[in-house]
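Residue numbers (my numbering): 3 to 496.
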């Protein structure tokens, strides 16, 4: 039965202002549906549909081929509706997720040759977010940036977006000779992410730039597997607050600026997460960092003085030597009046006694006058010899427990957590069970070595021990079975 006229919906009756509020909260699929309701709605939806465009090649499920027609399609639409150019806020150029060797044989990432009319049509005056993702499996010279390219591809997009000077966020991967100075000079840029990229040589321009002291607006930097990142530019990043994912990155020290007085410092960075970095040393400083995370092996450390939260994650195979532990101890000692939280995540291919000794040295560097309130460690060991493992591990853990158990050395400590996972080879499981029974294992193997710390009534001590592959396995979370000694401690705390 047809609906009566009084119940029929007329799209034109809704105020345009209300429609705008609705459309700006819809995703692209819903917007496409709305654009089919009425001509008015179609015209109102178009600017929202074109806020984000992807101009990279894509894989057609129908033809099973790589298609590079997005540029031509966008050009045709823009010629018909020129006002849509002002609506574009994000441009993506991403290669399909296929084998890299297949990419290079089948995909022309340079795109078609641009003519004058195409260059004039696609200007992108209001682009704020630019994402160019090519190869993500190592740095290659195949995709080298060259200014003024005649091909419509990622180079053209980068040139046009930089020229518009409206970028707030840039994400790049798999590019070589990246124009880092041009990108950082965008007056609204706040976020820059780079993976498997190599920077353009900026040595000739640095002396003038450093002399002018014109700062950049960058707030957040992520650089993973990046080469030739100019360290002297750090003094111009006045607003940089966080650096994350700094892995396998090489900073460059530029000889031509040797006559220019500068100190490699990141004055505003408060959060730093890094792994293996080349090109900085203890002359580089992070005076404002409060949250510090170090992953894996490192080669030389900068200077810190106000670290509040320290997170260290590494494998024994990273071969931490005395020099590395001394550098870590220096960081903790310099920040001892501010340091409140320490968390360690250790994986060992054998018994972790060497790591525990290094951790002991590190903790001893802050004993006495310090602000430490929370200490946590998660350790995973691979066991070879049961008797040797018990003896060495017991005394290593006992030293750590005695150190943290001193009220005069760590007066502010309120919480300590210990999570131990012991992975035993099949040939040694029975040996470990026999050793534990001989040593009168009373529920939690860490109870006795940590007795001095557990005895501190004001400290909440969490112990979690798990033996992989053993018949009697403690839970992966929680304290495990409680012994008589544990009951006594609980009564004292109550």
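Even for Gly, the Cβ is constructed at its ideal location relative to N, Cα and C. All values reported here derive from a predicted model rather than from experimental measurement.
To the nearest angstrom, how far is it from the Cα of residue i to the Cα of residue j?
| i | j | result |
| --- | --- | --- |
| residue 208 | residue 83 | 43 Å |
| residue 165 | residue 235 | 21 Å |
| residue 335 | residue 323 | 18 Å |
| residue 171 | residue 53 | 15 Å |
| residue 285 | residue 413 | 33 Å |
| residue 176 | residue 325 | 34 Å |
| residue 102 | residue 192 | Residue confidence for residue 102 is low, a pLDDT of 45 falling below 50, so the modelled location carries little weight and cannot support an answer. |
| residue 231 | residue 168 | 23 Å |
| residue 94 | residue 31 | 18 Å |
| residue 188 | residue 411 | 50 Å |
| residue 339 | residue 365 | 14 Å |
| residue 373 | residue 354 | 27 Å |
| residue 23 | residue 56 | 25 Å |
| residue 359 | residue 250 | 27 Å |
| residue 16 | residue 41 | 14 Å |
| residue 2 | residue 159 | Shown here, the chain extends from 3 to 496; a query on residue 2 therefore has no answer. |
| residue 461 | residue 134 | 50 Å |
| residue 468 | residue 347 | 16 Å |
| residue 416 | residue 233 | 40 Å |
| residue 18 | residue 126 | 26 Å |
| residue 29 | residue 37 | 12 Å |
| residue 260 | residue 229 | Bear in mind that the predicted position of residue 260 carries a pLDDT of just 46, short of 50, making it too unreliable to give a figure here. |
| residue 280 | residue 136 | 25 Å |
| residue 43 | residue 20 | 12 Å |
| residue 163 | residue 132 | 8 Å |
| residue 448 | residue 439 | 15 Å |
| residue 490 | residue 27 | Low confidence applies here, because residue 490 scores a pLDDT of 46, under 50, leaving its location unreliable and the question unanswered by this model. |
So residue i packs on residue j, CB below 8 Å; how close in whole Å?
| i | j | result |
| --- | --- | --- |
| residue 242 | residue 270 | 6 Å |
| residue 378 | residue 350 | About 17 Å separates the two Cβ atoms, so there is no contact after all. |
| residue 185 | residue 124 | 20 Å between Cβ atoms; not a contact. |
| residue 96 | residue 58 | 5 Å |
| residue 331 | residue 273 | No, residue 331 and residue 273 are not in contact; Cβ-Cβ is about 22 Å, not under 8 Å. |
| residue 181 | residue 196 | Actually they are not in contact, since the Cβ atoms of residue 181 and residue 196 sit about 12 Å apart, beyond 8 Å. |
| residue 217 | residue 240 | 4 Å |
| residue 311 | residue 289 | Wrong, their Cβ atoms sit about 16 Å apart, outside the cutoff. |
| residue 204 | residue 183 | 5 Å |
| residue 455 | residue 406 | 5 Å |
| residue 276 | residue 291 | That pair is no contact at about 11 Å. |
| residue 424 | residue 363 | Wrong, their Cβ atoms sit about 23 Å apart, outside the cutoff. |
Below 6 Å CB to CB, which residues in the same chain sit around residue i once its five sequence neighbours on both sides are set aside?
| i | result |
| --- | --- |
| residue 33 | 47, 50 and 51 |
| residue 88 | 128 |
| residue 91 | 53 and 130 |
| residue 247 | 224 and 226 |
| residue 244 | 222 and 273 |
| residue 394 | 353 and 355 |
| residue 283 | 302 |
| residue 2 | Outside the modelled stretch of the chain, which goes from 3 to 496, sits residue 2, for which no answer is possible. |
| residue 381 | 348, 354 and 422 |
| residue 343 | 311 and 376 |
| residue 296 | 314 |
| residue 199 | 174, 177, 180 and 228 |
| residue 333 | 306 |
For residue i, list the residues DSSP reports as bridge partners.
| i | result |
| --- | --- |
| residue 2 | No answer is possible for residue 2: it lies beyond the span of the chain, which begins at 3 and ends at 496. |
| residue 468 | 423 |
| residue 378 | 345 and 419 |
| residue 131 | 92 and 171 |
| residue 225 | 196 |
| residue 305 | 287 |
| residue 272 | DSSP lists no partner for residue 272. |
| residue 316 | 348 |
| residue 384 | 425 |
| residue 459 | DSSP, once it has assigned bridges, lists no residue as partnering residue 459. |
| residue 211 | According to DSSP, residue 211 bridges with nothing at all. |
| residue 45 | Bridge partners of residue 45: none, in fact. |
| residue 56 | 94 |
| residue 412 | Partner(s): none; residue 412 has no beta bridge. |
| residue 279 | 251 |
| residue 232 | 254 |
| residue 294 | 274 and 312 |
| residue 244 | 222 and 273 |
Between residue i and the rest of its own chain, which residues show a CB-CB distance below 7 Å, the 5 nearest in sequence each way excluded?
| i | result |
| --- | --- |
| residue 451 | 396, 399, 400 and 403 |
Given residue i, which residues of its chain have a CB within under 8 Å of its CB, disregarding the five upstream and five downstream residues?
| i | result |
| --- | --- |
| residue 220 | 186, 191, 192, 193, 194, 239, 241 and 242 |
| residue 526 | Here the chain has residues from 3 to 496 only, and residue 526 is not among them. |
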